[in-house]
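*Asks:* I'd like to ask you about the structure that follows.
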Amino acid sequence: MPAPFSDVLAKDDRTPFEEVFEFEAGGATHPVLVSGAGPGVILMHELPGFVPEFWRLARWIEAAGFRVYAPALYDGPGTPLEELHQLHGRVGGMARACVSREIRLFAKSGGSPVSDWLRALARHVHAERGGPGVAAVGLCLTGNFAWSVAVDPSVRAAVAGEPALPFNEAGSIHLQPEEAEALSKREDLKVMALRFDGDPSCKAERFAALKDLLGDRLETRVLPDSAQNPHGNPFPHAVLTKDLIAADGEPTFEAARDVLGFLTERLK
Numbered sequence: 008m009p010a011p012f013s014d015v016l017a018k019d020d021r022t023p024f025e026e027v028f029e030f031e032a033g034g035a036t037h038p039v040l041v042s043g044a045g046p047g048v049i050l051m052h053e054l055p056g057f058v059p060e061f062w063r064l065a066r067w068i069e070a071a072g073f074r075v076y077a078p079a080l081y082d083g084p085g086t087p088l089e090e091l092h093q094l095h096g097r098v099g100g101m102a103r104a105c106v107s108r109e110i111r112l113f114a115k116s117g118g119s120p121v122s123d124w125l126r127a128l129a130r131h132v133h134a135e136r137g138g139p140g141v142a143a144v145g146l147c148l149t150g151n152f153a154w155s156v157a158v159d160p161s162v163r164a165a166v167a168g169e170p171a172l173p174f175n176e177a178g179s180i181h182l183q184p185e186e187a188e189a190l191s192k193r194e195d196l197k198v199m200a201l202r203f204d205g206d207p208s209c210k211a212e213r214f215a216a217l218k219d220l221l222g223d224r225l226e227t228r229v230l231p232d233s234a235q236n237p238h239g240n241p242f243p244h245a246v247l248t249k250d251l252i253a254a255d256g257e258p259t260f261e262a263a264r265d266v267l268g269f270l271t272e273r274l275k
């Protein structure tokens, strides 16, 4: 018998989404690219933006039976679709994140204002798609946003890939105290967090702090650095995208399979 989602993961479709709408909440507006049918999954981009491997992950989630919402967190209303699809790279992404008033890269305590906008988006997606709730998937720069969005009861599952914020405080989980308290009370929530063991931007201290807050509601995957794609990042980092090796038995590939199973279990 083939492993779960083998037909889905056999695809290598990196085509960006073409459907887009603008979502406004709390005075902020961002474009949201969307595709698929089924329960809603909010998939947030990494520091460089919408890299090709991001779209491969998005297409995997879509093919597993979900409607995927990909907010363009660096962009405002009226941004042309072709500009949303442009690559900005690590340096360009850092520059755009640094000038954003909604993302706080270095705050040792507290979160980022964009979390409120993302929670409103989660409520919108749940109202649109129905079902038991939605999922939030964050990567790198947005990894922490997966659990900050999950403060809202509309979110039933959160996946945090190599959560990197704040950059200068390894043990911080980037939440306001009241947000942390609310998250700790979400008994119906499950969170999956993934990282490479030697990732300098996402260390064991952050997972330990999250474990202290969530207890058994947190599932973790810590992969050996040797599992990194040799053609990926300069250091082991992006478990589900650039540093993934798409082959059965590879730890990163099996982690992607686990994520699809986790989303299916929580939302269907």
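Residue numbers (my numbering): 8 to 275.
Built from N, CA and C at the ideal position, the CB exists for glycine as well.
In this text, all values refer to a predicted model and were calculated from it rather than measured experimentally.
(1) Could you check the C-alpha separation between alanine 102 and phenylalanine 174 for me, to the nearest Å?
(2) When DSSP builds the beta bridges, which residues end up paired with serine 42?
(3) Does the beta-carbon distance from leucine 190 to alanine 171 come in below 8 Å?
(4) On a CA-only basis, which of Arg136, Val156, Pro231, Gly137 is nearest valine 144? Give me that one, please.
(5) What are the partner residues of glutamate 188, as DSSP defines its beta bridges?
(6) Grab me the residues of proline 84's own chain with a C-beta within less than 7 Å of its C-beta, minus the 5 sequence neighbours each way, in chain order.
(7) DSSP has glutamate 176 in a bridge; who is on the other side?
(8) Extract the residue ranges of the alpha helix (DSSP H) inside the stretch 120 to 149, only unbroken runs of 4 or more that lie entirely within it.
(9) Considering just the uninterrupted stretch of the alpha helix (DSSP H) at lysine 275, what are its terminal residues?
(10) What is the C-beta distance between alanine 167 and asparagine 151, in whole angstroms, given that I count them as a contact (C-beta under 8 Å)?
(11) Using 8 Å for Cβ pairs, my map puts phenylalanine 260 next to isoleucine 252. What's the rounded Cβ distance?
(12) Return the CA-CA distance between glycine 178 and leucine 225, expressed in angstroms with no decimal places.
(13) Is the beta carbon of proline 207 sitting closer than 8 Å to the one on proline 231?
*Replies:* Taking the coordinates as given:
(1) Sequence index remark: in the sequence shown, residue 102 carries index 95 (1-based). Sequence index remark: in the sequence shown, residue 174 carries index 167 (1-based). Note that alanine 102 has pLDDT 49, beneath the 50 cutoff, so the model's placement of it is unreliable and no number is given.
(2) Locating residue 42 in the sequence shown gives position 35, where the first residue counts as 1. Serine 42 pairs with Val75.
(3) Locating residue 190 in the sequence shown gives position 183, counting from the first residue. Locating residue 171 in the sequence shown gives position 164, counting from the first residue. It is not a contact, given that the beta carbons lie outside the stated cut-off.
(4) In the sequence shown, counting from the first residue as 1, residue 144 sits at position 137. Of the candidates Arg136, Val156, Pro231, Gly137, the one whose C-alpha sits nearest the C-alpha of valine 144 is Val156.
(5) Here residue 188 is taken as the residue at index 181 of the sequence shown, counted from 1. Paired residue(s): none; glutamate 188 is not in a bridge.
(6) As a working note, residue 84 is residue 77 in the sequence shown. Answer for proline 84: Glu29, Thr36, listed in chain order.
(7) Residue mapping note: residue 176 aligns to position 169 of the sequence shown, counting from 1. None, per the DSSP bridge assignment.
(8) 121 to 136
(9) Residue 275 sits at position 268 when you count from the first residue of the sequence shown. Lysine 275 -> no alpha helix (DSSP H), and no H or E assigned at all.
(10) For the purposes of this step, residue 167 is taken as the residue at position 160 of the sequence shown. For the purposes of this step, residue 151 is taken as the residue at position 144 of the sequence shown. With 8 Å as the limit, alanine 167 and asparagine 151 qualify as a contact, their Cβ atoms being about 7 Å apart.
(11) Taking the sequence shown and counting its residues from 1, the one referred to as residue 260 is at position 253. Taking the sequence shown and counting its residues from 1, the one referred to as residue 252 is at position 245. Confirmed, about 6 Å.
(12) Working through the sequence shown from its first residue, we reach residue 178 at position 171. Working through the sequence shown from its first residue, we reach residue 225 at position 218. Approximately 16 Å, taken between the alpha carbons.
(13) Locating residue 207 in the sequence shown gives position 200, counting from the first residue. Locating residue 231 in the sequence shown gives position 224, counting from the first residue. Not closer than 8 Å, so no.
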